[in-house]
Amino acid sequence: MRDLPWRRTRDPWAILVAEVMLQQTQVSRAETAWTSLLVDLPTPAAAAAAGQAELVRRWEGLGYNRRAVGLHRAAVVIVDRHRGAVPDDLDELLALPGVGPYTARAVLAFAFERDVAVVDTNVARIISRAVTGAPLSAPVLQRVADALVGEGDGWRHNQAMLDHGALVCTARGPACDGCALRRSCAWRRAGAENPDPSRTTAGTSRPQARFEGSVRQARGAVLDVLRRGPAGPPEVDRLRQRLGVDRVDRALATLVAEGLIEWSAGRMVLSGG
DNA sequence: CAGACGTGGGG
DNA sequence: TCCCCACGTCT
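All residue numbers for the first sequence refer to the numbering used here, where the first residue is 1448 and numbers rise by one.
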């Protein structure tokens, strides 16, 4: 099993932060930010009090900055409605902003050692290949995955599944030769020349629009500037020259709409600072 | 529900 | 240089 820092704790807040960071972000880029955030903001109360802008600043290098907004809002809800303690109930976790089926179950399994299946794209791939050999819908996938968790074994089982998907049963070029499931794998028994069932299974990643020239790129550039301080008209003009007026203005509009940034005394700033 | 949402690494 | 890849949640 990989030695990852968040695997050495059972602290629910530390695990919630790790799992939100790991949404759409590889392990290598999350480690430093996770360690540093928990040193300074070791509880939901500390994160709530620090303000949203502080969370967004700490999100540098992780991408999908809305997650920082969600995490701050989640911290506020945890303080206001759960006495500062991350809830250990599936529905309460799902009610937190930015927490979906994957993250909620990851907190249950890794912080509270509950026997639920954590289903991310890696696990979806393993199950559709090795267990059913056929594509699955999200609800069926979750049921099949839950049935594989042995009693009292949720923590270990889920960590093993995540590692196996990330390191062995990979999307392309799976390492079937050294795989522990090779004898029973449904896909392999059917003959690996058969279409890969994980390709059309719910929850596996899909291609996305080109990044170069996108609004997303401009959003990232805007936040890069604002993390370093407020941006007056000269800084905004510089961005417009570099990335195009239309694109920057759309980026600003969507960032304002999502509550990441705002105008304050004629300058753009991170919201909640 | 298809599309939006960032970043860094590798070929 | 560029293009492709990985990675969940929300609307």
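In this text, a Cβ means the ideal position worked out from N, Cα and C, and glycines have one as well.
Pairing CB atoms from the region 1707-1716 with CB atoms from the region 1661-1675, are three or more of them under 8 Å? In short, these stretches touch, since the Cβ pair count reaches three.
What are the start and end residues of each continuous alpha helix (DSSP H) run of 4 or more residues lying completely inside the region 1497-1538, in chain order? For the region 1497-1538, whole alpha helix (DSSP H) runs of length 4 or above, ordered along the chain, are 1499-1505 and 1513-1528.
Opposing strand residues paired with L1717 [DSSP bridges]: Locating residue 1717 in the first sequence gives position 270, counting from the first residue. According to DSSP, L1717 shares a beta bridge with I1708.
For A1461, name the three-state secondary structure that DSSP assigns. Here residue 1461 refers to the residue found at position 14 when the first sequence is read from its first residue. Residue state, collapsed to three classes: helix.
Using a Cβ-Cβ cut-off of 8 Å (strictly less than) and excluding sequence neighbours within five positions of T1701, which residues of its own chain qualify? Here residue 1701 refers to the residue found at position 254 of the first sequence. Once the five neighbours on either side are set aside, the close Cβ partners of T1701 are V1662 and R1666.
Considering only their Cβ atoms, is the gap separating S1584 from V1644 smaller than 8 Å? Your numbering for residue 1644 matches position 197 in the first sequence. Your numbering for residue 1584 matches position 137 in the first sequence. What sits at residue 1644 in the sequence shown is Pro, not Val. Cβ distance not < 8 Å, so P1644 and S1584 don't count as in contact.
Whole-Å CB distance - N1569 paired with L1537, under 8 Å assumed: Sequence index remark: in the first sequence, residue 1569 carries index 122 (1-based). Sequence index remark: in the first sequence, residue 1537 carries index 90 (1-based). A Cβ-Cβ separation of about 21 Å leaves N1569 out of contact with L1537 under the 8 Å criterion.
Given a cut-off of 8 Å on the beta-carbon distance, is the pair G1531 and T1490 in contact? If you number the first sequence from 1, residue 1531 lands on position 84. If you number the first sequence from 1, residue 1490 lands on position 43. Cβ atoms of G1531 and T1490: closer than 8 Å.
Just to confirm the assignment, what range does the alpha helix (DSSP H) spanning S1475 have? As a position in the first sequence, residue 1475 is number 28, starting the count at 1. Counted as a single uninterrupted DSSP element, the alpha helix (DSSP H) harbouring S1475 occupies residues V1474 to D1487.
Is A1678 helix, strand or coil when you go by DSSP? The residue you call residue 1678 lines up with position 231 of the first sequence. Reduced to three states, the DSSP call for A1678 is strand.
Can you check the region 1638-1703 for any alpha helix (DSSP H) of at least 4 residues that lies completely inside it and give the ranges in chain order? DSSP runs (the alpha helix (DSSP H)) wholly in the region 1638-1703: 1662-1674 and 1680-1690.
Helix, strand or coil for V1467 per DSSP? Translated into positions along the first sequence, residue 1467 becomes position 20. Looking at V1467 - three-state DSSP - the assignment turns out to be helix.
Is it buried or exposed for S1718, if we count other Cβ within 10 angstroms and need 16 for buried? Residue numbering aside, residue 1718 sits at position 271 when the first sequence is read from its first letter. When all chains shown are included, S1718 counts as buried.
Taking the CB atoms as reference points, tell me whether V1554 and L1463 lie closer together than 8 Å. Sequence index remark: in the first sequence, residue 1554 carries index 107 (1-based). Sequence index remark: in the first sequence, residue 1463 carries index 16 (1-based). In contact: V1554 and L1463 (Cβ atoms closer than 8 Å).
Pull up the CB-CB distance for G1580 and W1634, whole angstroms please, since I reckon it's below 8 Å. Counting from 1 along the first sequence, the entry for residue 1580 is found at position 133. Counting from 1 along the first sequence, the entry for residue 1634 is found at position 187. Contact flag correct, Cβ pair sits at about 5 Å.
In chain order, what residues of the same chain have a beta carbon less than 7 Å from the beta carbon of D1684, not counting five sequence neighbours either side? Walking along the first sequence from the start, residue 1684 turns up at place 237. Once the five neighbours on either side are set aside, D1684 has no close Cβ partner at all.
Give the straight-line distance between the Cα atoms of L1540 and A1522, rounded to the nearest whole angstrom. Walking along the first sequence from the start, residue 1540 turns up at place 93. Walking along the first sequence from the start, residue 1522 turns up at place 75. If you take the alpha carbons of L1540 and A1522, they lie about 12 Å apart.
According to the neighbour-count rule (16 or more other Cβ atoms, all chains shown, within 10 Å of its Cβ), is G1638 buried or exposed? Mapped onto the first sequence, residue 1638 falls at position 191. If you draw a 10 Å sphere on the C-beta of G1638, you find fewer than 16 other C-beta atoms in it, and that means exposed.
P1406, DSSP secondary structure in three states: The requested residue 1406 does not occur in the structure, where the chain is confined to residues 1448 to 1720.
Cutting at 7 Å between CB atoms, please list the residues of its own chain near L1484, excluding the five before and the five after it. By one-based count along the first sequence, residue 1484 stands at place 37. Once the five neighbours on either side are set aside, the close Cβ partners of L1484 are V1464 and R1505.
Sequence-distant residues of its chain with Cβ nearer than 7 Å to W1481 (five each side left out): Here residue 1481 refers to the residue found at position 34 when the first sequence is read from its first residue. Residues P1452, W1453, V1464, A1465 and M1468 of the same chain have their beta carbon placed closer than 7 Å to that of W1481, with the five preceding and five following residues left out of the count.
Spatial neighbours of E1560 within its chain, please: C-beta separation below 7 Å, excluding the five flanking residues on both sides. The count along the first sequence starts at 1 and reaches residue 1560 at position 113. Closer than 7 Å at the Cβ level, and outside the excluded window around E1560, lie G1601 and W1602.
Secondary structure of M1608, DSSP reduced to three states: Here the question's residue 1608 lines up with position 161 in the first sequence. Looking at M1608 - three-state DSSP - the assignment turns out to be helix.
What's the gap between the Cα of G1508 and the Cα of T1472? Translated into positions along the first sequence, residue 1508 becomes position 61. Translated into positions along the first sequence, residue 1472 becomes position 25. As the crow flies, the alpha-carbon of G1508 is around 10 Å from that of T1472.
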